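Data first, discussion second: the structure below is written as structure tokens.
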Amino acid sequence: MSLDQVAGRFAYNEDHEAFRQTVRSFLAKEGVPRADQWEKDRLVPKSFWQQAGAVGMLCPTVPEAYGGLGLDFGYNAVVDEEMAYAGVPAGFSLQSDIVAGYMEHYGSEEQKREWLPKMVSGDVITAIAMTEPGTGSDLQSIRTTARKDGNHYVINGSKTYITNGQNTDLTLVVAKTDPDAQPAWKGMSIILVESDREGFGKGRKLDKIGQDAADTSELFFEDVRVPITNCLGEEGMGFVYLMSQLPQERLSIAVSVMASCQKAFDDTVAFTKERKAFKGYVFDFQNTKFVLADLKAKLQVGWAHLDWAIQRHLRGELTNEEGAAAKLWHTDLQWEVMDKCLQLHGGAGYMNEYPIARMWRGARVSRIYGGTNEIMKEVISRKL
Ligand SMILES: Cc1cc2nc3c(=O)[nH]c(=O)nc-3n(C[C@H](O)[C@H](O)[C@H](O)COP(=O)(O)OP(=O)(O)OC[C@H]3O[C@@H](n4cnc5c(N)ncnc54)[C@H](O)[C@@H]3O)c2cc1C
Numbered sequence: 001m002s003l004d005q006v007a008g009r010f011a012y013n014e015d016h017e018a019f020r021q022t023v024r025s026f027l028a029k030e031g032v033p034r035a036d037q038w039e040k041d042r043l044v045p046k047s048f049w050q051q052a053g054a055v056g057m058l059c060p061t062v063p064e065a066y067g068g069l070g071l072d073f074g075y076n077a078v079v080d081e082e083m084a085y086a087g088v089p090a091g092f093s094l095q096s097d098i099v100a101g102y103m104e105h106y107g108s109e110e111q112k113r114e115w116l117p118k119m120v121s122g123d124v125i126t127a128i129a130m131t132e133p134g135t136g137s138d139l140q141s142i143r144t145t146a147r148k149d150g151n152h153y154v155i156n157g158s159k160t161y162i163t164n165g166q167n168t169d170l171t172l173v174v175a176k177t178d179p180d181a182q183p184a185w186k187g188m189s190i191i192l193v194e195s196d197r198e199g200f201g202k203g204r205k206l207d208k209i210g211q212d213a214a215d216t217s218e219l220f221f222e223d224v225r226v227p228i229t230n231c232l233g234e235e236g237m238g239f240v241y242l243m244s245q246l247p248q249e250r251l252s253i254a255v256s257v258m259a260s261c262q263k264a265f266d267d268t269v270a271f272t273k274e275r276k277a278f279k280g281y282v283f284d285f286q287n288t289k290f291v292l293a294d295l296k297a298k299l300q301v302g303w304a305h306l307d308w309a310i311q312r313h314l315r316g317e318l319t320n321e322e323g324a325a326a327k328l329w330h331t332d333l334q335w336e337v338m339d340k341c342l343q344l345h346g347g348a349g350y351m352n353e354y355p356i357a358r359m360w361r362g363a364r365v366s367r368i369y370g371g372t373n374e375i376m377k378e379v380i381s382r383k384l
């Protein structure tokens, strides 16, 4: 089974689909056989990032002048879908769909030349650090500061739940350059922090209930000095930049999530057709067929909506509210799909050796990160 069986998709052209085959073959050879080990190690090695970079899977939108392929977001989405369907856990989407966008849009010429080629090749792994122990949804209440001292910033504070936190070579740190600014968002900036800066520390790899291979971590900043040229774009514009990139960030989550729904569904159809019970197969029960039929109908709606959203984004039309709605709806669907599919697996569904168990655990965070689904409803309702 593969995503090719999803009928009537309209988000992609032939070139996207050709790229999909390259991605799929690469993952089947280099990713799938090692995924279990990475889950045990709770880390994806940097060497896999470099291998993926070599086949063009990292940051496809980066212009050729900065070592990239200069393609559209559709290529990012193809990578996201194939990785989710194959169950290969690496934080590529954070680098390709989120960090690369900030760097491309707001980075100085010098920053772009320095970082983008290495992000494309996988020689540099990035993270974005907004959340702190004391605040997540309420981003304007962050306490990490970057105070000016001559031609340097001195950064103090701590961040938590940071994806790629162990592997990161370069972190985009959201900090207050003017802690007294009113309203608070006017005092927020995004500062680039290289991992070899004195005073920068990586905390423990956090012990999560799912997505084990994702190296989610705490990060610490103790009088970390970086030159003022490490500010991304203009000082005081950080919050505005963050808000403007949200549609893509949220769409990216919806894309991965939808592919994982399809994978759970396909696995469950196959499982129930093989699993015997009461002189027949689990699939033969009317309950099983009705649950699967109901999910099939929802998947049909989901793919149509996702393609609509991808196309709107490719045309630059996807609004903040539409991105939020996509994240909300697809992640809610994911939870329903995972839970119902796990149930149809019976006890096997609770065993980590079955992919559905890992998918179910991994899915729980989708309604939390990238902005919680309650915040998505806030965002949508503000424009009603
Ligand atoms: C695996 C994982 C990876 C992550 N990766 C990153 C990363 O790379 N970088 C990063 O910066 N962060 C990351 N995060 C953090 C994530 O974005 C936050 O956890 C999320 O935004 C929620 O913030 P919080 O945990 O502080 O929850 P809180 O903000 O404390 O929310 C607690 C509850 O209150 C609700 N709530 C809060 N405000 C409102 C409101 N106004 N109306 C209604 N309900 C509300 C929430 O919806 C939630 O149910 C990650 C988190 C996880 C779990």
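Numbering (the UniProt record's numbering), first residue to last: 1 to 384. In this text, a Cβ means the ideal position worked out from N, Cα and C, and glycines have one as well. It should be emphasised that the depicted structure is a prediction, and the values quoted were computed from it without experimental measurement.
Asked	Found
Near ligand 1: ASN373 beta-carbon under 8 Å from a heavy atom	yes
Range covered by the alpha helix (DSSP H) that runs through SER25	14-26
PHE221: first and last residue of the uninterrupted beta strand (DSSP E) it sits in	217-227
As assigned by DSSP and simplified to three states, the class of GLU235	coil
Alpha helix (DSSP H) segment containing TYR350, residue limits	Counting along the chain, TYR350 falls outside any alpha helix (DSSP H), and DSSP gives it neither H nor E.
Given 8 Å, three or more beta-carbon pairs between the stretch 233-250 and the stretch 204-217	no
Three-way DSSP call (helix, strand, coil) for VAL124 in this model	coil
Bounding residues of the alpha helix (DSSP H) (the contiguous stretch that carries ARG312)	286-314
Touch test, the stretch 297-305 against the stretch 261-271, Cβ-Cβ under 8 Å, three pairs minimum	yes
Inter-residue CB distance, GLY157 and THR145 (contact presumed, cutoff 8 Å)	6 Å
Per-residue DSSP class, three states only, for LYS263	helix
Residue range of the unbroken beta strand (DSSP E) whose run includes ALA175	170-176
MET130 Cβ short of 8 Å to ligand 1 heavy atom set	yes
Among ARG275, ILE162 and ALA254, the one whose alpha carbon lies nearest that of LEU219	ILE162
Residues sharing a beta bridge with VAL154, DSSP	ARG147 and ARG225
Per-residue burial, PRO33 [other beta carbons within 10 Å of its own, 16 or more giving buried]	exposed
Beta bridge counterpart(s) of LEU192 as assigned by DSSP	LEU172
Residue environment, GLN182, which counts as buried when at least 16 other CB atoms sit within 10 Å	exposed
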